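Protein chains in written order, with my numbering: chain A, 583 to 989; chain B, 583 to 989. Beneath this line is the structure, given in structure tokens, with notes to follow.
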């Protein structure tokens with residue numbers, strides 16, 4: 583393994599780090615939860631507020647191109663998915679988008695032959711809540727099984743749709759989505775994948791994976807800003823309807839026709855008026871990825887997580903932490919989770935020292951290695967601080983036990 | 583009728599106008615489509631981008647109170663609805679919110695006894711698209727009848743839910759919602775009202791009206807910014823489930839429980855991660871209404887529209903325009919529509935002269951009189967310019983016939 587300085591000096595993505603606005607005293611390992619501010623975004627939002635809204639007023643729907651924002655942002659996001667922009671819709675939240683694509687793909691399902699909507703135990707909660715809601719609507723039963731049981735469960739042949747998240751939000755376990763899609767299709771099952779912890783960090787190629795639909799989030803590795811819009815992708819072989827039919831998904835919204843007629847391809851999954859300020863921030867943030875290949879992001883994410891795991895193995899033996907993420911880098915996303923009995927307090931102590939990761943209950947320390955943001959030197963520094971916190975028991979202080987709302 | 587100068591000098595809401603950032607050369611009569619920028623909003627958004635996101639990063643979910651934004655904004659919006667904040671959720675788009683409340687109120691409907699989802703012909707298109715989608719999901723038939731036939735249609739007793747918009751987006755016709763709710767309930771029908779063209783301009787009292795649910799928009803008279811979040815209100819007598827079950831609507835999102843359990847009251851209708859930048863703009867914009875009674879907004883809207891109608895009657899005779907909006911001010915919202923054979927070109931000529939209203943196909947000029955924004959003097963000026971455009975045939979110029987995407 584190269585030393586960190588050499589790895590950074592030879593990193594083909596090193597220039598991306600300079601595009602972020604990050605406080606000097608922070609080592610940010612939480613880009614998997616909220617990506618940091620990209621330079622240019624603040625100016626774009628300022629312009630949208632002052633000039634476009636404040637001065638242009640209603641005229642900006644045309645003059646500033648607000649009406650084309652969903653298509654423009656989809657065009658910027660599509661390369662990160664290996665996708666045709668026409669098959670991508672940037673809109674709503676990840677939850678709402680999962681609802682829409684699951685609703686679309688279960689319409690007219692034969693609930694006698696295929697009564698099951700399948701997911702994975704431990705999938706991100708909102709995915710399970712959404713799936714439960716769709717199952718209720720469609721007369722399906724939501725069933726969840728452990729990761730290793732998915733293939734067998736599919737083989738029973740009674741599953742209408744499988745929905746999984748590529749990278750587990752806690753462990754960082756990464757599915758082989760192409761293999762899962764093959765198994766699903768062999769069993770006559772459709773598959774919808776959530777790429778919340780993939781897009782902007784890992785190599786994604788939706789058409790090659792041949793899934794039926796995908797959804798994802800843009801406020802993590804895409805750095806769109808807090809609560810920035812979600813997106814969805816639907817395989818062009820599906821000419822399906824969204825249950826949530828709104829005017830921005832109409833083929834001609836400004837004809838004000840009383841009859842709904844879906845827009846072509848994924849644009850039909852737009853619904854309400856797009857959130858212009860949020861979309862503007864996201865559009866500006868996505869410029870970061872111009873000309874960046876997702877395989878290079880993937881390779882750097884792997885190198886960073888390998889370095890972190892190796893350093894933890896080497897330096898944290900006997901300090902009460904254990905690597906929970908898969909040790910096979912091909913089975914791991916851009917994050918690493920460590921288990922510790924007092925994980926919340928340890929993370930609080932790390933954050934107090936400028937190393938920002940996060941905590942997931944009950945006992946996980948979660949570190950994200952956004953490949954556009956994190957340097958190899960940051961990984962070394964984070965482990966230095968982690969070792970210091972663990973050996974000094976700095977975390978064993980009541981100040982680090984106060985629980986806020988969001989953990 | 584008072585002269586405009588005296589009316590403005592004695593207007594108890596006159597101070598609100600000074601809170602808006604408006605170009606000097608604009609007379610803005612399109613606050614019913616996009617409310618103008620409120621002072622303080624730009625600074626709040628700047629802070630959210632630079633300080634909260636850029637510097638605070640993930641910590642701002644707690645430290646900057648992002649996690650409480652939906653509740654804080656609901657508390658600011660509730661007085662404009664006469665509502666308890668607990669019954670209000672600020673989230674998603676108006677379209678998505680209508681989908682959720684219609685979905686919630688039609689769950690378990692007896693589709694044999696009550697097979698109809700009823701709406702009004704000419705209701706805003708997205709409301710009809712959403713209703714058609716929900717009807718499909720629930721095995722109901724969407725039926726639309728003219729405004730005057732709603733009461734009779736309800737009396738047939740086979741309508742599960744009625745959904746109408748209080749103020750018609752074209753004509754400005756205003757329903758007596760309380761009377762409609764009474765008729766609906768007498769027929770065993772639930773009623774959902776869209777307040778997109780009401781909230782922030784008219785007197786709204788949802789509990790007194792006794793509707794079952796309401797939805798609305800915050801980028802019009804609430805000045806939340808382009809595409810700002812929608813909202814919904816559900817009568818506290820209804821303990822219903824949303825079809826779109828997401829994690830921010832869970833009773834304890836950060837417990838990451840695999841089982842969905844709805845949050846209390848309307849908060850269960852939240853779903854995805856809230857759009858922080860858009861919510862921040864809206865929160866700042868709603869400060870405008872602190873201490874403002876909706877009956878005073880309603881009274882001023884009425885005075886402004888009455889002045890406009892009177893001046894058009896007096897000065898536009900024989901100039902090719904006709905008042906389409908109801909002449910009874912009690913049956914009219916805060917807007918007035920005029921019909922003209924070349925409405926698009928006339929509006930284009932008005933906008934070129936700084937009087938910004940909008941056009942709705944095929945032949946309507948639409949003028950909005952946001953009571954917090956518009957002065958009586960603005961009404962006089964707008965009619966001056968209208969008379970000038972019509973008498974000079976300034977609109978009859980090819981430059982005013984180029985159609986943009988959004989009209």
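Glycine included, each C-beta is placed from N, C-alpha and C at the ideal position. These numbers come from a predicted model, not from an experiment.
Does the beta carbon of residue i come closer than 7 Å to any beta carbon on chain B?
i	result
residue 605 of chain A	yes
residue 612 of chain A	yes
residue 717 of chain A	no
residue 817 of chain A	no
residue 631 of chain A	yes
residue 917 of chain A	no
residue 851 of chain A	no
residue 694 of chain A	no
residue 710 of chain A	yes
residue 887 of chain A	no
residue 591 of chain A	no
Distance cutoff 7 Å, beta carbons only. Does residue i sit that close to anything in chain A?
i	result
residue 626 of chain B	no
residue 813 of chain B	no
residue 615 of chain B	yes
residue 842 of chain B	yes
residue 859 of chain B	yes
residue 951 of chain B	no
residue 780 of chain B	no
residue 773 of chain B	no
residue 829 of chain B	yes
When burial is assigned at 16 or more other CB atoms within 10 Å of the CB, is residue i buried or exposed?
i	result
residue 597 of chain A	exposed
residue 722 of chain B	buried
residue 904 of chain A	exposed
residue 914 of chain A	buried
residue 724 of chain A	buried
residue 524 of chain B	Only positions 583 to 989 of chain B appear in this structure, which leaves residue 524 of chain B out of reach.
residue 960 of chain B	buried
residue 592 of chain B	exposed
residue 694 of chain B	exposed
residue 892 of chain A	exposed
residue 917 of chain A	buried
residue 827 of chain B	buried
residue 584 of chain B	exposed
residue 900 of chain B	exposed
residue 962 of chain A	buried
residue 673 of chain B	buried
Among all the DSSP beta bridges, which residues are the ones paired with residue i?
i	result
residue 938 of chain B	B:610
residue 615 of chain A	Looking at the DSSP assignment, residue 615 of chain A forms no beta bridge with any residue, so it has no partner.
residue 914 of chain A	A:755
residue 949 of chain B	B:918
residue 773 of chain B	B:744
residue 844 of chain A	A:832
residue 602 of chain A	A:620
residue 723 of chain B	B:698
residue 815 of chain B	B:670, B:796
residue 904 of chain A	A:921
residue 583 of chain B	Answer is none; residue 583 of chain B lacks a bridge partner.
residue 749 of chain B	B:756
If you follow the beta strand (DSSP E) that residue i is part of, which residue opens it and which one closes it?
i	result
residue 967 of chain A	From DSSP, residue 967 of chain A is part of no beta strand (DSSP E) but of the alpha helix (DSSP H) over 958-974.
residue 701 of chain B	698-702
Let's see if you can read the secondary structure: which residues bound the alpha helix (DSSP H) around residue i?
i	result
residue 719 of chain B	707-720
residue 826 of chain B	Element bounds for residue 826 of chain B: n/a, residue is neither H nor E.
residue 887 of chain A	876-897
residue 789 of chain B	788-791
residue 857 of chain A	Unbroken run through residue 857 of chain A: none, as it is neither H nor E.
residue 592 of chain B	Counting along the chain, residue 592 of chain B falls outside any alpha helix (DSSP H), and DSSP gives it neither H nor E.
residue 686 of chain B	676-688
residue 652 of chain B	651-659
residue 732 of chain B	732-737
residue 643 of chain A	642-645
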